[in-house]
Amino acid sequence: MSYLQEILFVLLGIWCVYIWRQRGRKQTQLSRSEQQYYEMMETNADPIAFQVGQTIVYVNEATVQLLGATSKNDLLGKNVFELISPSQWKLAWKHFREQKNRGYVRFFETEMIRLNGERIMTEIVCQEAIYQDMHGMRFIIRDITQKRETERKMLEAKEKLEAFFTNSADPMYIMDLDRKILQVNPAFEALFEMSEKELYGEKFAGKLLLAEEERISYVQRATSGHVVRDVETAVVRKDGTHVPVSLTLSPIRNEAGKVVMLSGVMRDMTVKQQYEQALRESEYRYRIIAEHSNDYILTVSKELVTTYVSPAIRTVLGYAPEEVVHSHFYHGIHQEDLERVQNGIASVLHTHKPTVVEYRVQAKEKEWVWIEARFISIPEFDHIVVSTKDIRERKQYEAQLKELAFFDPLTGMANRRAFEERLHYFLERGQPFALCYLDFDNFKQINDVFSHEGGDTFLIEVGRRLNSVVRTSDLPARLGGDEFVLLIPKITKEGMAAIANRIIEAFQKPFHYKDQHIIATVSMGIALYPCDGTDEGTLMRRADEALYQVKEKGRNDFQFSKI
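Going by this note's numbering, the sequence shown opens with residue 57, and the numbers climb by one from there.
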């Protein structure tokens, strides 16, 4: 062997050793990376399962807990679709197969049965993955049972609240802090003989016979968080006539506790004033009126002994009149309300002016009943007349009344007012969030082809699909027309991209309207706080610019703001 050959042979050996060591390092790095990946899967809070073919080959501890297994071995070897409720298996499989060629990630909701037989509602996100060099599917399974139950209860509460607001015999309204009317119920429309459309934006103060300083005082008290009760005044109707009313003004707060609107409830005092006049004229006439009133009426001596009770007490509290006569007036009043009642009695005895107090009284069946009592001093009788009204239903829904001001009536979603309040709340606290504008690419064509009724059906379905995709902490809102927006708190850019993909996927399936298909893809522009802006105007402009870029590129996609 020549000297040159020996040198080449040595160099070849050195090169082989180098290649061997490099390969060893890469294998070590790959092994370490795989180990870190599986450790991440194992500690992930989301239940994760890998399935190769028809068999589950890996689950993490979160999956074991979710599906009620005692160990991983209880789940290994099964098929994810075996754990789906038999009544929904075909539908779930259909959704899975329909999405197979529409995107890398597939998303669907279905009911699953835990190993102990308990049924849970889940959302499943799956995508193709590799497990130990084997091609399969990775399933992320989230329990949304509580979320759906909460949504159901919120919907029931909203429906009850709307029914109460709509069907209440008392005129009700909501106004902003500038005293402009935002919403009224049918009883309010009937009282003023004007429609809600005519009343919207009107200054409510102009419809009351109150001095300006009184109006300002009441609004300031309510704005500062107090309930202003039983302001006796009169309203001026459209034809110029006056109707005496008793007005209660309450604050409506946002989730940050700030008073943002005011709600009002009025009672037509025409009949009550007639009652009071009749009582003053004659005890005999008073008794005739009392016997036929739906509200139960009492007379109380200055010693606070009940001397008369009208028959209506049977309907409200279940007592016969003779069971209450001669008892002390304070008997049966809730201990927490007693001081307020005592102050009301003291006031009417001292000033001889009517006083209204709300308190609870124990019914015969031990139930606590909320009543509104009007104390009237009758000096000529040396008695106090107590005229009561059962307000159980009103008290039940009074606390929820503010919700009507924050919902879009067509879709049931949050409206522009709710969106702005939540946005300001996030900005005040400096909490990171994403603001996303949504635009539905064929909405004008839908309105033109299918009429406004078809357009409304489409908008309702938009709200339903958005609510099915976003998290419970997210706020989807309809600003008006086909203008929708999302506020996503505590989200990274990568997380927002995942949500955006899910939204786009949710709108690939056609809508159905009168046996016809409606297809409307969605375009989205996204701005992130604080990197894209630190104030409302900048963020909204950046999101709108990003949306415009999506439309320029061809729609049916999303785009982050580019500063």
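Note that CB positions come from ideal geometry on N, CA and C, so glycine has one too. Since the model is a prediction, treat every value here as computed from it, not as a measurement.
Rounded to whole angstroms, the separation of the alpha carbons of ARG162 and ASP613 is 17 angstroms.
In summary, HIS298 is exposed, with fewer than 16 beta-carbon neighbours lying within 10 Å of its beta-carbon over all protein chains present. Contact holds between the segment 377-391 and the segment 348-363, because three or more Cβ pairs, one in each stretch, are under 8 angstroms apart. Within the model, the alpha-carbon separation for LYS294 versus GLY486 is close to 48 angstroms. For VAL381, the three-state secondary structure derived from DSSP is coil. Judged by pairs of C-beta atoms under 8 angstroms, the segment 240-255 touches the segment 213-232, as three or more such pairs exist. Here DSSP, grouped into helix, strand and coil, assigns SER306 to strand. Assigned with DSSP and collapsed to three states, ARG598 falls in helix. Taking VAL397 as the centre and dropping the five residues before and after it, the same chain places the C-beta of ILE389, VAL413, TYR415 closer than 6 angstroms to its C-beta, in chain order. The three-state secondary structure of LYS259, taken from DSSP, is strand. If you draw a straight line from the Cα of PHE563 to the Cα of ALA474, it comes to about 25 angstroms.
A residue is called buried once 16 or more other Cβ atoms fall within 10 Å of its Cβ, and HIS408, having fewer, is exposed.
Counting along the chain, LYS500 sits inside the alpha helix (DSSP H) bounded by residues 499-525.
Check the Cα spacing between GLU539 and each of ALA553, ASP504, ILE574, ASP495: the tightest is with ASP495. For ILE230, the pairing in a beta bridge is given by DSSP as GLN239, SER319.
Of the other Cβ atoms in all chains shown, fewer than 16 fall within 10 Å of the Cβ of GLN110; this residue is therefore exposed.
Only residues of its own chain outside the window of five on either side were considered, and among them GLU165, ARG198, ILE200 have a CB closer than 6 angstroms to the CB of GLU179, listed in chain order. By the beta-carbon neighbour count (other beta carbons within 10 angstroms, threshold 16), ASN135 is exposed.
When DSSP states are grouped into helix, strand and coil, ARG558 belongs to the helix group. By a beta-carbon distance limit of 8 angstroms, THR444 contacts ILE427. Their separation comes to about 5 angstroms.
A residue is called buried when at least 16 other Cβ atoms come within 10 angstroms of its Cβ; MET231 meets this threshold and is buried.
Excluding its 5 nearest sequence neighbours in each direction, ASP591 has C-beta neighbours in its own chain below 8 angstroms: LEU483, listed in chain order. Here the C-alpha atom of GLN276 lies approximately 14 angstroms from the C-alpha atom of LYS314. Counting along the chain, VAL372 sits inside the alpha helix (DSSP H) bounded by residues 369-373.
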